[in-house]
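Engineer:
Dropping the structure here:
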């Protein structure tokens, strides 16, 4: 059986709480990685399909995607769609994926459908980002089992750390039963409002708990980031010079240093 190329990294972007910038982080990190020459694949595993929309692929234009990858035996090559960003492809979501949760209950090797598909055919990428649903369900479990690590976008608000408890418990359970190599790749603070003292207080708590797992880069609240998906573009294409774009490029630079330590220094400079 074909296996993933050794240098391929599979990262699930996950938080069971909605509205924390999970899809925005997926789309813009993937764009930034592609901009410095990495071969990048985004797997849109959220039935809402926002990552697909955010990269300019409207629902009417979507064919086979994540559902067919998991259930119909299709390969990555069959379902990956090139985007307007060179080096970046996406496996889209569709309405069929909304019923996958029920279908998985009686499916053979139900926890391993995504892993089996990616192991079988995702050979041509340096990094794969899986945009997970905003819940800890069987689709998310499939993503965690298929992944090397998770990236957690975290909004600095009162309930942020409380919500992390369930996620960390799930990660530990996945390690124990399915994927002992799974690790927390990083935590990124999103929608950060420097005018709000609560943001600073929560950020301090998060950094005290997770230490150097928390990225130095924070993603600020920025209207241009919010506008970009309605134009079917990552914010890096919509407005490269806005604070949100600069922050995501800096975040990509940090991730390159963590995930690709042998990367050329000029590649890292391009990202930041």
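Residue numbers (my numbering): 492 to 763. Backbone N, C-alpha and C fix where the C-beta goes; we use that ideal spot for every residue, glycine too.
For a test of the three-state rule: what should DSSP assign to residue 500, helix, strand or coil?
Structural biologist: By one-based count along the chain shown, residue 500 stands at place 9. Reduced to three states, the DSSP call for residue 500 is strand.
Engineer: With 16 as the cutoff for other CB atoms within 10 Å, does residue 744 come out buried or exposed?
Structural biologist: In the chain shown, the residue the question calls residue 744 occupies position 253. Buried is the call here.
Engineer: The beta strand (DSSP E) spanning residue 674 covers which residue range?
Structural biologist: Translated into the one-based positions of the chain shown, residue 674 becomes position 183. Start and end: 674 to 680.
Engineer: Could you name the residues of the same chain whose beta carbon sits closer than 7 Å to that of residue 509, not counting the 5 residues immediately before and after it, in chain order?
Structural biologist: Sequence index remark: in the chain shown, residue 509 carries index 18 (1-based). The residues are 625.
Engineer: In the DSSP assignment, what residue or residues form a beta bridge with residue 683?
Structural biologist: Taking the chain shown and counting its residues from 1, the one referred to as residue 683 is at position 192. Answer by DSSP bridge pairing, in chain order: 711.
Engineer: Candidates 636, 691, 646: which alpha carbon is nearest residue 671's?
Structural biologist: Here residue 671 refers to the residue found at position 180 of the chain shown. Looking at the Cα atoms, 636 is the closest of the given residues.
Engineer: Using the beta-carbon count (16 or more within 10 Å), is residue 597 buried or exposed?
Structural biologist: For this step, residue 597 is matched to residue 106 along the chain shown. Burial call: exposed.
Engineer: Can you have a look at residue 502 and say buried or exposed, based on whether 16 or more other CB atoms are within 10 angstroms of its CB?
Structural biologist: For the purposes of this step, residue 502 is taken as the residue at position 11 of the chain shown. Buried, by the Cβ-count rule.
Engineer: I'd like to know whether the C-beta atoms of residue 720 and residue 506 end up nearer to each other than 8 Å.
Structural biologist: Numbered from 1 along the chain shown, position 229 holds the residue referred to as residue 720. Numbered from 1 along the chain shown, position 15 holds the residue referred to as residue 506. Going by C-beta atoms, residue 720 is not nearer than 8 Å to residue 506.
Engineer: Does DSSP put residue 627 in a helix, a strand or coil?
Structural biologist: If you number the chain shown from 1, residue 627 lands on position 136. Three-state result, residue 627: coil.
Engineer: Can you tell which of 675, 706, 682 has the C-alpha that lies nearest to the C-alpha of residue 716?
Structural biologist: The count along the chain shown starts at 1 and reaches residue 716 at position 225. Out of 675, 706, 682, 682 has the C-alpha closest to the C-alpha of residue 716.
Engineer: Rounded to a whole number of angstroms, what is the C-alpha to C-alpha distance between residue 658 and residue 742?
Structural biologist: Indexing the chain shown from 1 puts residue 658 at position 167. Indexing the chain shown from 1 puts residue 742 at position 251. In a straight line, the C-alpha of residue 658 is about 22 Å away from that of residue 742.
Engineer: Could you give the distance in angstroms between the alpha-carbon of residue 519 and the alpha-carbon of residue 513?
Structural biologist: Stepping through the chain shown from its first residue, residue 519 is reached at position 28. Stepping through the chain shown from its first residue, residue 513 is reached at position 22. Roughly 10 Å between the two C-alpha positions.
Engineer: From which residue to which residue does the alpha helix (DSSP H) around residue 734 run?
Structural biologist: Numbered from its first residue, the chain shown carries residue 734 at position 243. Where residue 734 is concerned, the enclosing alpha helix (DSSP H) stretches over 734 to 750.
Engineer: Is the beta carbon of residue 643 less than 8 Å from the beta carbon of residue 675?
Structural biologist: On the chain shown, position 152 is the one that residue 643 refers to. On the chain shown, position 184 is the one that residue 675 refers to. Yes. Within cutoff.
Engineer: Determine which residues share a DSSP beta bridge with residue 721 and list them.
Structural biologist: The residue you call residue 721 lines up with position 230 of the chain shown. In DSSP, residue 721 forms no bridge with anything.
Engineer: Ends of the beta strand (DSSP E) at residue 649?
Structural biologist: Here residue 649 is taken as the residue at index 158 of the chain shown, counted from 1. Element bounds for residue 649: n/a, residue is neither H nor E.
Engineer: Taking residue 669 as the reference, which of 656, 705, 632 has the closest Cα?
Structural biologist: Taking the first residue of the chain shown as 1, we reach residue 669 at position 178. Closest by alpha carbon: 632.
Engineer: I need the DSSP call for residue 701, collapsed to helix, strand or coil.
Structural biologist: Along the chain shown, one-based indexing puts residue 701 at 210. If DSSP states are grouped into helix, strand and coil, residue 701 belongs with the helices.
Engineer: Nearest-angstrom Cα distance between residue 504 and residue 577?
Structural biologist: In the chain shown, the residue the question calls residue 504 occupies position 13. In the chain shown, the residue the question calls residue 577 occupies position 86. So the alpha carbons of these two residues sit roughly 22 Å apart.
Engineer: Taking the alpha helix (DSSP H) that residue 593 falls in, what are its first and last residues?
Structural biologist: By one-based count along the chain shown, residue 593 stands at place 102. Its alpha helix (DSSP H) spans residues 591 to 596.
Engineer: Between which two residues does the alpha helix (DSSP H) holding residue 562 run?
Structural biologist: As a working note, residue 562 is residue 71 in the chain shown. 557 to 562 is the extent of the alpha helix (DSSP H) around residue 562.
Engineer: Taking one C-beta from the region 516 to 532 and one from the region 652 to 667 each time, how about it: are there three or more such pairs within less than 8 Å?
Structural biologist: Contact between the region 516 to 532 and the region 652 to 667 is absent, because fewer than three Cβ pairs lie under 8 Å.
Engineer: Using alpha carbons as the reference points, say which of 731, 689, 571 lies closest to residue 616.
Structural biologist: Taking the chain shown and counting its residues from 1, one reaches residue 616 at position 125. Comparing Cα positions, the closest option is 571.
Engineer: Which of the three DSSP states is assigned to residue 691 in this structure?
Structural biologist: As a working mapping, residue 691 is identified with position 200 in the chain shown. Helix.
Engineer: Please state if the CB of residue 562 and the CB of residue 594 are separated by a distance shorter than 8 Å.
Structural biologist: Residue numbering aside, residue 594 sits at position 103 when the chain shown is read from its first letter. Residue numbering aside, residue 562 sits at position 71 when the chain shown is read from its first letter. Yes, the pair counts as a contact, with Cβ atoms nearer than the cut-off.
Engineer: So what does DSSP say about residue 619, is it helix, strand or coil?
Structural biologist: Position 128 of the chain shown, counting from 1, holds the residue named residue 619. Note: residue 619 maps to strand in three-state DSSP.
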